[in-house]
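One structure is given here, and the rest of the page talks about it.
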Amino acid sequence: MQIAKRYDPAAVESKWYAHWEERGYFSSQPDDREPYAIVIPPPNVTGVLHMGHMLNNTVQDILIRKARLDGKNACWVPGTDHASIATEAKVVRMLREKGIKKSDLTREEFLKYAWEWREKYGGIILQQLRKLGASCDWERTAFTMDETRSAAVIEVFVDLYRKGKIYRGLRMVNWDPEAKTVLSNEEVLYNDEDTTLSYVTYPVEGTDRTLTVATTRPETILGDTAIAVHPDDERYGDLVGKTAMVPLVNRKIPVIADRYVDREFGTGALKITPAHDPNDYEIGVRHGLEVIDVLNPDGTMSPKAEFFVGEDRDDARKLMVQALQELGQLVKTETYRHAVGRSERTNVIIEPRLSRQWYVDMQSLAEPALKAVLEGEITFFPAKYQNIYRHWMENIRDWCISRQLWWGQRVPAWYLGEGEDEQVFVAPTADEALEMAREATGQASLTAADLRQDEDVVDTWFSSWLWPITVFNGFQDEKDIAYYYPTRVLVTGWDIIFLWVARMIMAGYEWKGERPFDHVYFTGMVRDKQRRKMSKQLGNSPDALKLIQDFGADGVRFGILSSSPAGGDLLFDESMCEQGSKFCNKIWNALRLIKGWQVAKETSEDERTKNGMAVEWFRSLLHQMLSESAERFAQYKLSEGLMSLYSFIWNDFCSWYLEMIKPPYGEAIDAETYEATIAFFEQICVMLHPYMPFITEEVWHSLRERESGDDCMVASYPVAGTVDASILASVAAAQELISKVRELRNDNNIGRNDPVTIHVEGNALGLRDHAALRVLISRLAVVGELEFGGDIPSDATPVMIRKERLFIDLPVTIDPEEERARLTKELDYYKGFVTTVERKLSNERFVQNAPAEIVEKERRKLADGQEKIRILEESLAALAD
RNA sequence: AGGACCAUAGCUCAGUUGGUUAGAGCGCUACCUUGACAUGGUAGAGGUCCCCAGUUCGAAUCUGGGUGGUCCUACCA
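As structure tokens, this is what we get:
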């Protein structure tokens with residue numbers, strides 16, 4: 001069989017992905033097997049694959065492929081999120097480029113454009129996931145805004161309303177002036193930023209004094225309705241109750257006293273703008289102050305400001321400062337650093353705004369969700385996120401769920417009447433709402449036209465939090481949900497622990513009475529080598545698809561996983577992908593080597609003996625590997641698992657095992673060893689498959705002819721068997737000896753194929769009785785003669801392996817000085833070693849208190865060390881002769 | 001301001017309930033084109049386990065304090 005010289009990922013990957021899909025390996029239906037379900041964190045429907053997705057989905061694919069190989073009914077449900085703010089913003093921008101303003105469109109017209117956009121771009125990211133090898137059940141692809149998911153959202157909204165857990169409230173909210181919608185607290189990100197603190201004076205009527213306040217928002221002065229000082233502040237006590245004058249607008253406002261004011265900050269006097277600051281609002285309520293909203297929803301100054309109307313808040317701020325300066329009411333300005341809240345989606349500065357919105361009362365939802373995590377019903381990996389989770393859950397605040405957008409599920413609330421008389425009817429449909437309205441009012445003549453449906457949609461996360469239930473159509477149909485739910489593990493970034501993870505847990509208990517998943521695996525942030533976040537602005541985010549092109553999907557999967565323990569940030573470096581593609585090449589070349597061998601029925605006895613041992617040795621090693629890897633999977637130590645496989649394949653399999661059994665040039669290998677080797681390679685393929693699915697499938701098929709349906713992806717994961725410790729030990733000793741010989745060759749410039757002689761003292765390493773070991777050493781160390789007894793040449797180099805001595809006789813004479821130096825260095829090491837052990841053992845308290853086995857171990861260490869010193873000194877003395 | 005987590009080789013990280021004069025991968029250095037692979041091989045250098053104190057026969061590991069970092073929450077005129 002002719003095998004290409006180079007591994008060609010591109011061709012291999014598309015071939016096998018199509019094959020798997022065609023065979024239906026990705027799809028899952030309930031059956032008698034144990035279910036293993038994962039729901040994907042749905043990427044934004046208009047998004048493109050970035051490094052975060054690559055990490056996240058590689059992890060999920062590894063877990064799901066491993067489960068499949070373990071014989072479980074693996075089901076990975078893919079889908080996308082409608083991401084109302086982000087998508088609506090994109091559609092608005094697209095329309096603007098076409099010269100269409102959103103404000104000129106009706107809701108229906110806009111939604112038509114949005115759906116078109118979604119049809120066109122909505123599948124891109126899912127196509128890209130295929131390139132990565134993701135083995136999702138594509139037939140189950142869901143969308144948070146499709147019919148099933150939307151119906152669930154409405155059902156849940158109505159259900160919560162009827163339970164009294166959803167209400168409407170007038171509050172200060174986080175307003176995004178670009179998206180022109182309210183946001184939840186979790187969608188606002190705070191960062192320290194430099195701003196200017198302006199000191200402004202207000203004249204106080206009936207006195208010749210002024211009050212100076214410090215503010216970062218001079219433009220909101222136009223909406224001031226009071227000045228507050230601390231009641232115990234002696235500086236201002238006599239001014240409380242007097243009237244101050246707002247600059248420019250010349251409005252008369254009271255000077256009030258309130259304990260909220262911090263006497264230490266600024267001047268100790270605080271301007272109160274109830275419309276534009278949450279604390280000012282509270283103070284306003286306490287003192288019955290007027291609320292003057294000087295801003296429009298888009299962040300420009302409203303007519304109520306009287307000045308700078310129509311100017312953006314930033315421009316208005318500058319104009320205001322200028323105006324104050326001209327009036328002589330600006331005392332000074334200074335730079336001030338404080339936390340500024342920005343919209344997670346649009347990155348604009350959040351504007352506090354008073355408005356009426358829908359809220360979910362979180363208290364009762366949070367209780368079982370908190371308990372589940374604290375009591376270990378749901379386990380977090382890594383565990384440290386439990387603390388963060390607990391802290392948030394114990395201090396949870398109500399969730400603002402309405403959004404002033406069109407792209408999303410419309411709030412199922414209908415209103416009758418205006419103002420004070422307004423009545424609300426929450427129902428799944430307009431008809432039911434109408435029925436309710438007729439009943440409530442006793443007016444059978446009411447028609448649909450009398451009711452107005454709420455204009456808002458619900459928060460995207462209000463559909464996402466139902467995801468583990470709705471992807472299995474869990475509000476309509478029992479079949480799938482009963483089988484797959486709870487899912488096994490959720491894999492997601494820790495940054496959405498509150499936005500998503502916590503809320504899914506709440507929803508799980510609220511509607512299914514059960515956890516949505518057993519485990520949560522938190523991935524870290526993907527950063528660049530300098531630990532900077534990947535971002536478009538910095539241009540440090542590599543093109544995911546180009547990486548796959550350059551290194552192959554397997555190479556990229558290797559690179560992205562090889563240094564990213566759960567919860568830890570991933571410092572992405574392309575060179576890790578390169579290492580992955582080199583690894584593919586290594587595996588590929590092992591295949592080429594094996595497939596290049598001639599197989600014979602009969603080979604020499606030496607060969608068969610040696611190979612028999614090599615096969616048994618490697619079998620033990622493989623079993624050891626398997627039992628270790630089970631624990632690693634259970635603990636989600638995936639990168640460790642990959643790295644140990646890497647070393648197992650590269651070092652143990654390629655560098656040792658294959659070299660051990662490699663037939664001499666021009667000769668053939670015996671059929672038995674050959675078959676065993678093919679079987680080993682197959683098991684290696686299966687073990688590596690979850691990490692690197694493509695090359696393993698290709699190698700699997702190159703190893704031998706297969707019947708249709710005999711694919712690596714659906715093979716059985718090997719089971720750990722017994723480990724022969726004695727064979728591992730004797731081969732390890734042989735490896736040590738072989739390395740010593742190589743080291744000596746290297747140090748003395750002796751060619752790889754120049755034979756050396758080894759003199760064995762006594763029965764060192766049991767070599768007298770172990771033919772296989774003798775052949776092995778002779779072959780790998782290129783030993784001409786292996787001699788027992790007889791005279792040992794005085795210039796032969798002694799080496800210590802396991803307390804036993806052998807002499808390596810090189811075809812050149814070693815410089816006695818260099819040899820002395822080498823031996824002295826080794827002697828020094830052991831002397832130091834023995835000293836520390838002796839010190840320990842001569843300490844009576846150690847001998848008394850330490851466990852017997854530890855003391856015994858130390859005694860053995862001492863004896864071994866002393867023996868080595870004896871031999872080394874002997875050798876040094878011999879050298880002196 | 002309160003809290004969480006972290007600090008081990010140049011870099012990224014392992015290091016079980018305290019018990020190898022501290023490990024891996026990458027990188028670095030030297031040598032080697034040999035017949036699967038130079039996308040390779042052989043070897044080497046490189047660490048006061050952040051600092052100080054304590055507990056202990058014994059501390060990278062446990063406790064306290066300090067320093068530095070990351071993050072969360074709340075507030076911030």
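For the first sequence, counting from 1, position 779 maps to 779 in this note's numbering; every step adds exactly one. The C-beta atom is built at its ideal place from N, Cα and C for all residues, glycine as well.
Contact annotation, V204 with T212: C-beta distance approximately 11 Å; criterion of less than 8 Å not satisfied. Assigned with DSSP and collapsed to three states, I814 falls in coil, not helix or strand. By the neighbour-count definition (other C-beta atoms within 10 Å, threshold 16), T429 is an exposed residue. When secondary structure is reduced to three states using DSSP, I292 falls in the coil class, being assigned neither helix nor strand. For the set F558, A821 and I678, the Cα lying nearest the Cα of G133 is the one of F558. In its chain, beyond the 5 residues on either side, L197 have a beta carbon closer than 6 Å to the beta carbon of E334. The DSSP assignment places 517-523 as complete runs of the beta strand (DSSP E) inside the stretch 500-566, in order along the chain (cut-off: 3 residues).
With 16 or more other Cβ atoms inside 10 Å of its own Cβ, Q357 counts as buried.
Between I497 and I401 a beta carbon distance of about 19 Å is seen, past the 8 Å cut, so the two are scored as non-contacting. A buried status is given to F157, since no fewer than 16 other beta-carbon atoms sit within 10 Å of its beta-carbon. The continuous stretches of alpha helix (DSSP H) do not include T210, which lies in the beta strand (DSSP E) extending over residues T210 to T215. Residue burial is scored here from C-beta neighbours: A86 has at least 16 other C-beta atoms within 10 angstroms and is therefore classed as buried. In this model, G766 and L780 are separated by some 18 Å (Cα to Cα).
For E578, the closest C-alpha among the options I548, K601, Q598 and S564 is that of I548. Non-local C-beta neighbours of L545 in its own chain, meaning closer than 8 Å and more than five positions away in sequence, comprise L49, Q128 and K131, ordered along the chain. Here the alpha carbon of M172 sits roughly 8 Å from the alpha carbon of Y281. Within the same chain, Cβ atoms closer than 8 Å to the Cβ of K101 are found at L95, the five residues on either side in sequence being excluded. The alpha-carbon separation between Y483 and P30 amounts to approximately 6 Å. Of the other Cβ atoms in all chains shown, 16 or more fall within 10 Å of the Cβ of K90; this residue is therefore buried. Within the same chain, Cβ atoms closer than 7 Å to the Cβ of L806 are found at L737, I758, H759, V760, E761, A764 and V799, the five residues on either side in sequence being excluded. Assigned with DSSP and collapsed to three states, R356 falls in strand. Under the DSSP assignment, M643 falls in the alpha helix (DSSP H) whose first and last residues are L638 to S647.
Between L324 and P247, the gap from beta carbon to beta carbon is short of 8 Å. About 7 Å separates the beta carbon of I378 from that of F517, a gap short enough to meet the 8 Å contact definition.
The DSSP-derived three-state label of M660 is helix. Note that the stretch 132-149 does not touch the stretch 307-319; fewer than 3 beta-carbon pairs, one per stretch, sit closer than 8 Å.
DSSP places T181 in the strand class (E or B) of the three-state scheme. By the C-beta criterion, the stretch 423-443 is judged not to be in contact with the stretch 180-197, since fewer than 3 inter-stretch pairs fall below 8 Å. Bounds of the beta strand (DSSP E) holding P798 are T797 to I801. In this structure, DSSP gives F26 a state outside helix and strand, which the three-state scheme calls coil. Counting only residues of its own chain and dropping the five nearest sequence neighbours on each side, V92 has a CB closer than 7 Å to the CB of K102. Contact check for A214 and T267: beta-carbon distance about 6 Å, within the 8 Å limit, so the pair qualifies. Comparing C-alpha distances from A771 to each of E607, E705, F846 and D864 shows the shortest one belongs to E607. Excluding the 5 residues flanking it on each side, L876 has same chain C-beta neighbours closer than 8 Å at R820, L823, T824 and L827, in chain order. The bridge partners DSSP lists for D81 are N44. Approximately 5 Å separates the beta-carbon atoms of V457 and R403; this is inside 8 Å, confirming the contact.
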